[in-house]
Amino acid sequence: MAKILLVEDDPMMLRLYERVLGVVGHVVVLAEDGDAGLTKAVNEVPDLILLDIMMPKRNGMEVLEELKKDKRTKDIPVVVITNLAGDANAEEAIAKGAERYIEKSAYEPKQIEEIVSQVLASRGKK
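Residue numbering for the sequence shown follows the numbering used here, beginning at 805 and increasing consecutively.
Put into structure tokens, the structure is as follows:
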């Protein structure tokens, strides 16, 4: 299965998504803020990054921009997962290189795992 970097500052959500993704066999690497997420993206070279937007130190949009500028991480698919609603936020994330934009409240954790699987499959990964 795939290695997934989960960048999320909410400990409850971090553990929930870690469990949901781990149950299906993914290796989940955790980062609790944007700076840690950038470091782990370079060091761990994940197959996919799940990225929250509202985080301390560096927000998810800033992290997304940095990921897409760096030759080492620019090709890693990023799925933004956030509580921020609105088309403007989604459009900004997609414009900056995100594969998908997911509002946490609109999806069950199992659906998020399915979206992760779809994105990985589109990149030839499982």
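No residue lacks a Cβ here, since even glycine has one placed at the ideal position from N, Cα and C.
Where do the ends of the beta strand (DSSP E) carrying residue i lie?
{"i": "K807", "result": "K807 to V811"}
{"i": "L924", "result": "L924 -> not in any beta strand (DSSP E); alpha helix (DSSP H) instead, spanning P913 to S926."}
{"i": "L855", "result": "L852 to L855"}
Residue i: buried (16+ other C-beta within 10 angstroms of its C-beta) or exposed?
{"i": "G841", "result": "buried"}
{"i": "P881", "result": "buried"}
{"i": "G829", "result": "exposed"}
{"i": "A845", "result": "buried"}
{"i": "A910", "result": "exposed"}
Measure the Cβ-Cβ separation of residue i and residue j and say whether it is below 8 angstroms.
{"i": "D813", "j": "D856", "result": "yes"}
{"i": "I853", "j": "V811", "result": "yes"}
{"i": "E907", "j": "A889", "result": "yes"}
Which two residues bound the contiguous alpha helix (DSSP H) that contains residue i?
{"i": "T843", "result": "G838 to E848"}
{"i": "R819", "result": "P815 to V827"}
{"i": "L871", "result": "G864 to K873"}
{"i": "I898", "result": "D891 to A899"}
Nearest CA to the CA of residue i: which residue from the options?
{"i": "G826", "options": "K914, N893 and I885", "result": "K914"}
{"i": "I759", "options": "E912, Y911, S909 and L868", "result": "For the chain, the structure presents residues 805 to 930; residue 759 sits outside this window and is missing."}
{"i": "E836", "options": "K908, M858, I906 and S909", "result": "M858"}
{"i": "T886", "options": "A806, H830, E917 and Y905", "result": "Y905"}
{"i": "E918", "options": "K861, V883, R862 and D839", "result": "V883"}
{"i": "N863", "options": "K844, A845, T843 and D839", "result": "D839"}
Any 3 or more C-beta pairs closer than 8 angstroms across the segment 920–927 and the segment 865–873
no
Report yes or no: do the segment 841–859 and the segment 875–893 share at least 3 C-beta pairs separated by less than 8 angstroms?
They touch, by the three-pair rule.
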